[in-house]
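So for the sequence shown, this note's numbering puts the first residue at 620; every next one is plus one.
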Amino acid sequence: MSRTAPVQERPDPGLRYTAMVHRTRPGALLAVALLAVAGFVIISSLFSQGLLTVGWFVTGRPGELADYLAAGRAFETPLGMVATNLALGSTIAVAVGCLRLLGLGPRWLISVAGTVRLRWAVVCLLPAVIIFGVLGALGMGAGEAPSPYLWAFVVVIVLTVPTQAIAEELIFRGVLAQALGGIGGAVLGIVGPALVFALLHGSQDLWLFLNRFGFGIVAGVIVWCTGGLEAVMVAHVVNNLIAFGIAAFGPGVAAARTMATMSPTDALLGLAGYLVFGLVVVAIQRIRGPVAVTG
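Set out below in structure tokens:
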């Protein structure tokens with residue numbers, strides 16, 4: 620993979636989303652998959668640390684830099700959440716670059732149609748709000764005093780969480796799904812990104828891991844069935860907005876950020892919600908039509 624492949628106007632016709640780069644050699648596909656993961660981790664880490672370091676200087680260098688960075692990464696301050704979400708958002712460039720290495724223009728990251736199917740995304744919004752809203756309500760604990768930064772966090776959540784969620788989908792259900800799908804078909808294109816997605820969330824118990832892995836599996840199946848990322852982008856954005864929004868008014872955004880354990884009941888409830896969302900949007904796609912699932 621010594622040079623970038625020429626960018627195609629469109630992939631071969633009649634292909635599922637996870638098979639659009641099927642003509643690329645497996646070695647090149649694996650290299651791009653590894654590059655996407657490495658770029659996601661390294662660039663997001665350096666970007667967030669750089670923004671937080673600037674914030675430390677601008678605010679008069681309060682305390683030790685290491686403590687300031689740790690508090691920011693834990694979302695104890697609004698600036699920490701801004702830095703992290705903008706850093707994750709910056710990895711959209713990684714996704715675009717990786718797809719170009721595979722010989723496709725960036726518009727093929729979104730769907731087999733080569734564009735955002737906006738009407739389809741809007742259709743997926745209502746079930747996402749209802750299902751993830753119910754999950755959020757069921758998971759709410761006892762009321763607690765909100766953070767002193769409450770309204771700052773609310774603004775940050777609304778403005779930056781969508782970018783973070785969309786970037787993660789472009790990397791995992793986008794580049795990784797296409798690269799690994801080109802190597803091992805739909806199964807690897809679905810399971811591989813889900814596994815990496817769950818593992819990169821860091822320290823977690825088995826039930827929390829299974830919850831995140833299950834989300835990735837359902838998201839991957841949705842992409843395969845609907846031919847694009849719109850539905851899972853909507854689901855990821857809505858889920859994160861609700862989760863962090865509830866946390867901001869309750870136990871705190873830091874508690875949601877640093878969560879490392881989940882009860883079996885909560886994990887299974889979440890998995891059931893993801894599955895219901897997947898079944899609903901796939902059913903709508905089949906009833907509504909036409910939403911192309913192949914190019």
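Glycine included, each C-beta is placed from N, C-alpha and C at the ideal position. These numbers come from a predicted model, not from an experiment.
Identify, in the order they occur along the chain, each residue of the same chain with its Cβ nearer than 7 Å to the Cβ of residue i, setting aside the five sequence neighbours on each side.
i: Val626; result: Because Val626 carries a pLDDT of 43, less than 50, the predicted location of this residue cannot be relied on, and the following value inherits that uncertainty. Hits under 7 Å: Arg719, Gly722, Leu723, Gly724.
i: Leu939; result: No information on residue 939 is available, as it lies outside the stretch 620 to 914 that the chain covers here.
i: Gly833; result: Leu890, Tyr893
i: Val842; result: Tyr636, Arg792, Ala796, Leu848, Val851
i: Pro746; result: Phe896, Val899, Val900
i: Trp727; result: Pro630, Met639, Leu718, Gly733
i: Ile861; result: Phe751, Gly752, Gly755
i: Arg876; result: Ala693, Phe694
Give the secondary structure of residue i by DSSP, where H, G and I count as helix, E and B as strand, and everything else as coil.
i: Val900; result: helix
i: Leu698; result: helix
i: Ser757; result: First, the residue type needs correcting, since residue 757 is Leu and not Ser in the sequence shown. In this structure, Leu757 counts as helix in the three-state DSSP scheme.
i: Leu745; result: helix
i: Ser730; result: strand
i: Leu648; result: helix
i: Leu819; result: coil
i: Leu721; result: coil
i: Gly682; result: coil
i: Pro595; result: Only positions 620 to 914 of the chain appear in the structure, and residue 595 is not among them; the question remains open.
i: Val775; result: helix
i: Ala690; result: helix
i: Val735; result: coil
i: Thr710; result: coil
i: Thr643; result: coil
i: Arg905; result: helix
i: Arg635; result: coil
Rounding to the nearest angstrom, what Cα-Cα distance links residue i and residue j in this structure?
i: Ile729; j: Arg905; result: 19 Å
i: Val895; j: Asn859; result: 17 Å
i: Gly609; j: Ala891; result: Absent from the structure is residue 609, since the part of the chain shown begins at 620 and ends at 914.
i: Phe772; j: Pro645; result: 44 Å
i: Gly758; j: Leu670; result: 33 Å
i: Trp675; j: Arg692; result: 13 Å
i: Ile903; j: Phe828; result: 29 Å
i: Trp770; j: Leu807; result: 42 Å
i: Cys844; j: Ile790; result: 19 Å
i: Thr672; j: Met700; result: 14 Å
i: Arg738; j: Gly682; result: 50 Å
i: Leu888; j: Ile836; result: 16 Å
i: Val753; j: Ala854; result: 13 Å
i: Thr927; j: Gly801; result: Any answer about residue 927 is impossible in this case: the structure gives the chain only from 620 up to 914.
i: Gly869; j: Gly679; result: 30 Å
i: Tyr687; j: Phe816; result: 27 Å
i: Thr880; j: Ser822; result: 9 Å
i: Ile824; j: Ala886; result: Going by the sequence as given, residue 824 is Asp instead of Ile. Rounded to whole angstroms, Asp824 to Ala886 spans 11 Å at the Cα level.
Using the DSSP secondary-structure output, state which residues sit across from residue i in a beta bridge.
i: Leu654; result: Partner(s): none; Leu654 has no beta bridge.
Which residues in the same chain as residue i place their Cβ atom closer than 8 Å to its Cβ, once the five residues preceding and following it in sequence are excluded?
i: Ala874; result: Ala866
i: Val660; result: Leu819
i: Thr779; result: Met700, Val701, Asn704, Leu705, Gly708
i: Pro812; result: Phe791, Arg792, Leu795, Ala796, Leu799, Gly835, Gly839
I'd like the list of long-range same chain contacts for residue i, defined as Cβ closer than 6 Å, with 5 residues on each side in sequence excluded.
i: Pro883; result: Trp826
i: Val916; result: Shown here, the chain extends from 620 to 914; a query on residue 916 therefore has no answer.
i: Met852; result: Ile785, Glu788
i: Ser663; result: Ala706, Leu707, Thr710
i: Glu695; result: Ala873
i: Met620; result: Below a pLDDT of 50, predicted positions are generally treated as unreliable, and Met620, at 44, falls in that range; no measurement from the model is reported.
Just list the alpha helix (DSSP H) runs in the region 826-888, keeping only unbroken ones of 4 residues or longer that don't cross its boundaries, in chain order.
-> Fully enclosed alpha helix (DSSP H) runs of 4 or longer: 849-868, 872-876.
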